[in-house]
Amino acid sequence: MSDASQGLRLYNTLTRTKEDFVPIDPRNVRMYVCGPTVYDFAHIGNARPVIVFDVLFRLLRHLYGETHVTYVRNITDVDDKINARALRDFGGEISAGTLSLNEAIRRVTEKTADQFHRDVATLGCLEPTVEPRATEFVEPRADGKADMITLIQSLIGRGHAYVAAGEVLFDTASMPDYGQLSKRNLDEQQAGARIAVDAHKRNPGDFVLWKLSSPEEPGWQSPWGRGRPGWHIECSAMSAAYLGEVFDIHGGGLDLIFPHHENEIAQSRCAHGTSVMANVWMHNGFLQVEGQKMSKSLGNFYSIHELLETDTFGGRKWPGDVLRLAMLMTHYREPIDFSVRKLEEAENTLRKWKRAADLALAAGSQLPVEVVEALSDDLATYAAFQQLTQLAGEATDFDGSGAGENGAAASLKTSLAFLGFDVGAAKVDEAAIAAAIARRLQFIAAKNWAEADRIRDELLAQGVQLKDGKDPVTGERVTTWEIKR
502 MSDASQGLRL YNTLTRTKED FVPIDPRNVR MYVCGPTVYD FAHIGNARPV
552 IVFDVLFRLL RHLYGETHVT YVRNITDVDD KINARALRDF GGEISAGTLS
602 LNEAIRRVTE KTADQFHRDV ATLGCLEPTV EPRATEFVEP RADGKADMIT
652 LIQSLIGRGH AYVAAGEVLF DTASMPDYGQ LSKRNLDEQQ AGARIAVDAH
702 KRNPGDFVLW KLSSPEEPGW QSPWGRGRPG WHIECSAMSA AYLGEVFDIH
752 GGGLDLIFPH HENEIAQSRC AHGTSVMANV WMHNGFLQVE GQKMSKSLGN
802 FYSIHELLET DTFGGRKWPG DVLRLAMLMT HYREPIDFSV RKLEEAENTL
852 RKWKRAADLA LAAGSQLPVE VVEALSDDLA TYAAFQQLTQ LAGEATDFDG
902 SGAGENGAAA SLKTSLAFLG FDVGAAKVDE AAIAAAIARR LQFIAAKNWA
952 EADRIRDELL AQGVQLKDGK DPVTGERVTT WEIKR
């Protein structure tokens, strides 16, 4: 374990303060992050928590040792939206009896889960230690790990859940301090509830743990009839299965605080009789696209796959490294405006860093302490990036007159690799440079000097220096280029 681990401080949503991180067991630091519901390709909003908590995973492994950190990120593959997608895509085969609904659901979720894995790998994210699927934890398991049906039975037995109208519901009134995470008072929720509350609920805020399935819907046998679990109980079961009744860190997006995370806490604490579910709760901020809330109705809803593979955003594809940096340039707790301008800024910054890092023969043996200190202050990525920019400047200024390696370049390469960026040699897109030069020559021919200069300056900012001249045979204007380190 690194001595620097004593300096790690994280903002805890539960207490609304930044706190010293003290793991329950330094030899087994445990973190759970809510993963995707795989009814469709993951969108860029889904990418933010994956990237943010990948950085935290990397930092924890650095501080406590790679084998001493357990990171669980689940896959939700039982959900009403998944059922609807399966019926939409395979309705004909289901009606014909050639494919069961459960088989159709598996086809939907396998395709989208596989695409999610490819997408986040391209974004530079490590695989979690464990990635459980919700469908594997509905019924009691042969290995004795926690499951949803057993948890629900425990809640009923402890007086925290009840059966009504074919559903099993959590009794929020049975938990005096329900609402601590979101700071929502139960009495206020009841007073502000609509008049037409479901008649079978004891309290307006009670939520579903188990619901019955129709013959057309997927289901599992349970003491309460053939049905399926509610959303919240899934994460309570999967986190307990691999991390225990109480663990160190639970993460996710800000939108999950209520009701999902609040209800996870209620279920887990009441089922296990514990005072907490996780000691630290961390949430990343919301994401907008070009200043607007992302939505399909506004036409600004983009999947990670679209950004990586198509020209639907800004008229071009975007490398995974660029998307990753753009997400991390804003502190994880702050809202982020995802824009073409931000991606272009990230691309230019990465190009400079990689060009400087490429001056090193190999990565350094140690991660710079300044980078670790910046990240240890509640993942202050912007401060860490300032260190990278400083290293890039020092690496570029290194004259090589003395003996030895370019230390700044080596440290930069180490830092980039640690943060999940590709540290291979900086790639030069010759086709893109040629196209830009051709556009510039067109502007020069039209005497549009402002646009011609703009293209020249943009290329120079990318490290591409142009040199104008004349063809000695034809006398025509020609432009050559070279990379300036």
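Every position in the sequence shown, counted from 1, becomes a number in the working numbering once 501 is added. Cβ coordinates follow ideal geometry from the N, Cα and C atoms, glycine included. For clarity, every value in this text was computed on a predicted model and none was experimentally measured.
Contact set for residue i: own chain, Cβ-Cβ below 7 Å, skip 5 residues either direction
{"i": "W711", "result": "I653, E668, V669, S723, W725, G728, P730, G731"}
{"i": "M649", "result": "F638, V639, P730, I734, E735, A738"}
{"i": "A893", "result": "K853, W854, A857, L913"}
{"i": "A587", "result": "L602, A605, I606, V609"}
{"i": "D749", "result": "P524, I525, V530, R531, M532, A779, N780, V781"}
{"i": "L862", "result": "E906"}
{"i": "Q793", "result": "L799, N801"}
{"i": "P629", "result": "Y572, V573, R574"}
Per-residue burial, residue i [other beta carbons within 10 Å of its own, 16 or more giving buried]
{"i": "A951", "result": "exposed"}
{"i": "A767", "result": "buried"}
{"i": "N988", "result": "Since the first residue shown for the chain is 502 and the last is 986, residue 988 is missing from the structure and cannot be characterised."}
{"i": "V924", "result": "buried"}
{"i": "T882", "result": "buried"}
{"i": "S916", "result": "buried"}
{"i": "L851", "result": "buried"}
{"i": "P996", "result": "Nothing about residue 996 can be read from this structure; the chain reaches only from 502 to 986."}
{"i": "T568", "result": "exposed"}
{"i": "Q943", "result": "exposed"}
{"i": "D678", "result": "exposed"}
{"i": "K797", "result": "exposed"}
{"i": "A697", "result": "For A697, the pLDDT reaches just 44, beneath the cut-off of 50, and the residue's location in the model is therefore unreliable, although a value from the coordinates is still provided. Exposed, by the Cβ-count rule."}
{"i": "V974", "result": "exposed"}
Inter-residue Cα distance where the pair is residue i and residue j
{"i": "A779", "j": "I734", "result": "15 Å"}
{"i": "T992", "j": "G546", "result": "Outside the shown range of the chain, which is 502 to 986, sits residue 992, and nothing can be said about it."}
{"i": "G908", "j": "L682", "result": "46 Å"}
{"i": "A548", "j": "A896", "result": "32 Å"}
{"i": "A622", "j": "S740", "result": "23 Å"}
{"i": "G815", "j": "V841", "result": "6 Å"}
{"i": "A885", "j": "L961", "result": "26 Å"}
{"i": "V823", "j": "L829", "result": "10 Å"}
{"i": "Q582", "j": "T890", "result": "The sequence as given places Lys at residue 582; Gln does not occur at that position. Roughly 44 Å between the two C-alpha positions."}
{"i": "A875", "j": "Y512", "result": "14 Å"}
{"i": "G592", "j": "R619", "result": "27 Å"}
{"i": "T599", "j": "R589", "result": "15 Å"}
{"i": "A543", "j": "H806", "result": "8 Å"}
{"i": "A864", "j": "A911", "result": "5 Å"}
{"i": "R834", "j": "E594", "result": "45 Å"}
{"i": "T775", "j": "D521", "result": "22 Å"}
{"i": "G625", "j": "D878", "result": "22 Å"}
{"i": "E473", "j": "D900", "result": "As displayed, the chain neither begins before 502 nor continues past 986, which places residue 473 out of reach and without an answer."}
{"i": "T571", "j": "Y565", "result": "11 Å"}
{"i": "A665", "j": "V579", "result": "22 Å"}
Residue i beta carbon near the ligand NAD (any heavy atom closer than 8 Å)
{"i": "H661", "result": "The ligand content of the structure shown is nil, which means the ligand NAD is not present either."}
Element boundaries [beta strand (DSSP E), containing residue i]
{"i": "L511", "result": "510-513"}
{"i": "F802", "result": "Note, F802: premise wrong, no beta strand (DSSP E); not H, not E."}
{"i": "L670", "result": "668-671"}
{"i": "T571", "result": "570-574"}
{"i": "E906", "result": "Per DSSP, E906 belongs to no beta strand (DSSP E) and is neither H nor E."}
{"i": "I837", "result": "837-839"}
{"i": "Q943", "result": "Where Q943 is concerned, there is no enclosing beta strand (DSSP E), although the alpha helix (DSSP H) it sits in stretches over 931-946."}
{"i": "F922", "result": "Neither: F922 is in no beta strand (DSSP E) and is coded neither H nor E."}
{"i": "V965", "result": "965-971"}
{"i": "M648", "result": "In the sequence under discussion, the amino acid at residue 648 is Asp, which differs from the Met named in the question. Unbroken run through D648: none, as it is neither H nor E."}
Sequence-distant residues of its chain with Cβ nearer than 6 Å to residue i (five each side left out)
{"i": "I938", "result": "T980"}
{"i": "L515", "result": "L682, W782"}
{"i": "L713", "result": "G667, G726, G728"}
{"i": "G752", "result": "V534, F554, M783"}
{"i": "N575", "result": "G536, P633, M739"}
{"i": "G754", "result": "P550, N785"}
{"i": "R957", "result": "L967"}
{"i": "K646", "result": "A742"}
Limits of the unbroken alpha helix (DSSP H) element including residue i
{"i": "A543", "result": "Looking at the DSSP string, A543 is not in any alpha helix (DSSP H), and its letter there is neither H nor E."}
{"i": "A605", "result": "602-623"}
{"i": "V790", "result": "No alpha helix (DSSP H) holds V790; the beta strand (DSSP E) holding it covers 788-790."}
{"i": "F638", "result": "Counting along the chain, F638 falls outside any alpha helix (DSSP H), and DSSP gives it neither H nor E."}
{"i": "M532", "result": "From DSSP, M532 is part of no alpha helix (DSSP H) but of the beta strand (DSSP E) over 530-534."}
{"i": "F886", "result": "882-898"}
Cβ neighbours of residue i in the same chain (closer than 8 Å, five flanking residues each side left out)
{"i": "F919", "result": "R559, H563, L868, V872"}
{"i": "H761", "result": "C535, W732, H733, C736, G753"}
{"i": "A694", "result": "Residue confidence for A694 is low, a pLDDT of 39 falling below 50, so the modelled location carries little weight; the figure read from the coordinates is stated next. Answer for A694: P705, G706, listed in chain order."}
CB contact check: residue i to chain B, cutoff 9 Å
{"i": "Q891", "result": "The question asks about chain B, but that chain is absent: this structure has only one protein chain."}
Problem set entry | Complete runs of the beta strand (DSSP E) confined to the stretch 724-781 [at least 3 residues] | 728-730, 748-754
Problem set entry | alpha helix (DSSP H) runs wholly inside the stretch 573-599, at least 4 long, in chain order | Counting only unbroken stretches of 4 or more residues, the alpha helix (DSSP H) elements lying wholly within the stretch 573-599 are 581-597, in sequence order.
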